[in-house]
Amino acid sequence: METKEINYTKIHLTETASTNTYIQELDAAKELPEGTIVYTDTQSSGRGQRGNHWESEPYKNLTFSLLLRPIHIPANEQFILSQIASLAIVDLLNRYAPGFSIKWPNDIYWEDKKIAGMLIENSLSGNTLSRSIIGIGLNVNQEIFISDAPNPISLYQITGHTQPVETILDQFIDSFRPRYLETFSSSTQRIREEYFASLYRNDGQYPFDCNGEVFYASIIDVEPDGHLRLVTESGEERRFAFKEVSFLL
407 METKEINYTK IHLTETASTN TYIQELDAAK ELPEGTIVYT DTQSSGRGQR
457 GNHWESEPYK NLTFSLLLRP IHIPANEQFI LSQIASLAIV DLLNRYAPGF
507 SIKWPNDIYW EDKKIAGMLI ENSLSGNTLS RSIIGIGLNV NQEIFISDAP
557 NPISLYQITG HTQPVETILD QFIDSFRPRY LETFSSSTQR IREEYFASLY
607 RNDGQYPFDC NGEVFYASII DVEPDGHLRL VTESGEERRF AFKEVSFLL
């Protein structure tokens with residue numbers, strides 16, 4: 407499969423409601439080149455998974471969206487984008503401290519605390535992806551969190567040092583670039599294996615909640631379409647889509 411080098415171009419905003427929404431509107435007005443990144447100092451209406459609001463103190467953290475045109479990826483394999491973006495964040499954070507992992511499907515954790523979240527919005531053309539917007543919020547320099555989010559943490563709280571936010575973004579691009587190029591190859595098995603090895607609580611029995619039913623299980627696989635496969639204490643295998651099951655912390 408033909409590969410191509412992407413020119414990652416950054417657009418900096420002082421403030422916007424949502425970088426995902428901003429880049430969607432910009433692309434609708436005039437088609438943007440693949441690799442366009444919008445990042446902002448202040449995001450007033452950042453969106454997270456499950457419709458959650460993403461807390462981010464102005465000028466302290468990294469909030470950005472990346473536009474891709476992954477027409478080489480079949481629609482039923484779109485989860486590979488979530489995997490490589492998650493791995494790229496772990497790559498850059500591992501430069502600063504150990505202990506980072508990916509909580510399925512794409513939250514980034516340090517020990518039992520959340521340092522980054524992701525919202526991916528895909529557009530389809532037939533059986534392939536025509537556009538993907540990857541929105542990421544990463545807690546960099548925030549010292550105190552005031553929302554009711556249960557377990558946030560920042561890189562500053564972990565290391566005791568502040569970091570230039572744009573440097574963190576550049577490090578993400580450096581990590582993401584080769585991983586995205588790898589998706590043009592005929593096999594993505596290595597990515598899947600590395601993703602599983604980086605998963606939060608990927609070894610041992612832990613509590614899960616499915617519509618109020620609490621049970622203990624081990625993660626045995628994440629399928630190419632993103633479904634989580636668990637095996638319970640009794641040996642029963644169960645399969646879940648996103649939002650059908652949650653970790654109990």
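If you use my numbering, the sequence shown closes out at 655, no skipped numbers anywhere. Where a beta carbon is used, it is the ideal one built from N, C-alpha and C, also for glycine. Just so you know, these numbers come straight off a predicted model, no measurement behind them.
- In the DSSP annotation of this structure, the continuous segment of the alpha helix (DSSP H) that includes Ala491 starts and ends at 485–499.
- The three-state reading of DSSP puts Ile477 in coil, since its state is none of H, G, I, E or B.
- Here the C-alpha atom of His478 lies approximately 24 angstroms from the C-alpha atom of Trp510.
- Tyr445 is the residue among Asp554, Leu636, Leu654, Tyr445 whose C-alpha sits nearest the C-alpha of Asp576.
- In the three-state reduction of the DSSP assignment, Ala423 falls in the coil class.
- Restricting attention to Glu440, Pro556, Val571, the CA atom closest to the CA of Asn467 is found in Val571.
- One alpha carbon belongs to Leu530, the other to Tyr414, and they sit about 22 angstroms apart.
- Going by DSSP, Leu587 is part of no beta strand (DSSP E) but of the alpha helix (DSSP H) stretching over 571–588.
- In the DSSP assignment, the residues bridged to His418 are Tyr445.
- Taking the C-beta atoms as reference points, Ser538 is found nearer than 8 angstroms to Leu474.
- Beta-bridge partners of Gly541 (DSSP): Ser471, Leu525.
- Beta bridge pairing from DSSP links Asp615 with Val620, Ser652.
- Contact check for Glu643 and Arg635: beta-carbon distance about 6 angstroms, within the 8 angstroms limit, so the pair qualifies.
- Distance between Ser536 and Ile514, taken at the CA atoms: about 26 angstroms.
- Between Ser488 and Gly610, the C-beta spacing is not below 8 angstroms.
- For Thr594, the secondary structure class from DSSP, reduced to helix, strand or coil, is coil.
- Rounded to the nearest angstrom, the Cβ distance from Val496 to Ile508 is 6 angstroms, consistent with a contact under 8 angstroms.
- Bounds of the beta strand (DSSP E) holding Tyr515 are 513–516.
- Distance check between Thr427 and each of Pro480, Ile542, Tyr612 places Ile542 closest, using alpha-carbon atoms only.
- Scanning Ser450, Leu561, Ser640 for the CA closest to the CA of Ala522 turns up Leu561.
- Of the candidates Ile552, Thr534, Lys520, Lys520 places its Cα closest to the Cα of Pro558.
- Ala623 is the residue among Pro584, Ala623, Phe648 whose C-alpha sits nearest the C-alpha of Ser640.
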